[in-house]
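Peer 1: Here it is: the structure, laid out below.
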Amino acid sequence: MDEKVASVLETYDIERLLKLLPHRYPFLLVDRIIEARGDESCIGIKNVSANEPQFQGHFPERPVMPGVLMIEGMAQTAGALCINAVAGGQKPPLVYFMTIEKAKFRKPVLPGDRIEYHMRKLNQRRTIWWYSGRALVDGVLVCEAEISAMLVLDEPAKEK
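Structure (structure tokens):
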């Protein structure tokens, strides 16, 4: 990547995320992206609210953000960077989450917390990206993982 492009910081507001990602409420798990550097790295923000549907069952007496949703939030954050880089800012027909490795959950995330997804590109080959992610709340590591995803840029042929 061109050094000049990589040094430019961008932000993605919710409107831009909705144009890039196929996800919608209640499964859109990133509210904003700050400090995006091309497809190299960024910080995604998720404001955790007590009225989110997962807290009705996880757990009613002591609501805790499910770890798998933090991993998905990391994937969506990285996915927005990839989509922006190759699809000209348009939603691709398909995005496949491929791998989750080295996932660790360090501390519970509670309603009222603000998660920062710190994503850093490890590698990219054709339409597949690998990222390392760290989720922090108030500067404290709560979750980490390595993930990969693939963009499908051509609409699959429909059978008749």
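In our numbering, the protein residues as written are 3 to 162.
We treat Cβ as the ideally placed atom computed from N, Cα and C, and that holds for glycine.
In this text the structure is predicted, and so the values were computed from the model without any measurement.
For the segment 51-118, which segments carrying the beta strand (DSSP E) assignment without a break, of at least 3 residues, lie completely within its bounds, in sequence order?
Peer 2: Within the segment 51-118, the complete beta strand (DSSP E) runs of at least 3 residues are 96-107.
Peer 1: Just the Cα atoms here: how many angstroms apart are N49 and I117?
Peer 2: If I take the Cα positions, the gap works out to 6 Å.
Peer 1: For E42, which of helix, strand or coil comes out of DSSP?
Peer 2: Three-state DSSP puts E42 in coil, outside helix and strand.
Peer 1: By the three-class DSSP mapping on this structure, what secondary structure does K122 have?
Peer 2: Reading off the sequence shown, one finds Arg at residue 122, where the question assumed Lys. Note: R122 maps to strand in three-state DSSP.
Peer 1: Applying the 10 Å Cβ sphere with the 16-neighbour rule, what's the burial state of L23?
Peer 2: Buried, because 16 or more other Cβ atoms sit within 10 Å of the Cβ of L23.
Peer 1: DSSP state of P19, grouped into three classes?
Peer 2: The amino acid at residue 19 is misidentified as Pro; the sequence shows Leu. Three-state result, L19: helix.
Peer 1: Helix, strand or coil for G141? Go by DSSP, reduced to three states.
Peer 2: Reduced to three states, the DSSP call for G141 is coil.
Peer 1: Rounding to the nearest angstrom, what Cα-Cα distance links M67 and I130 in this structure?
Peer 2: Cα to Cα, M67 sits roughly 28 Å from I130.
Peer 1: Evaluate I85 with the Cβ neighbour count: other Cβ atoms within 10 Å of its Cβ, from every protein chain shown; 16 or more gives buried, anything less gives exposed.
Peer 2: Buried: at least 16 other Cβ atoms inside 10 Å.
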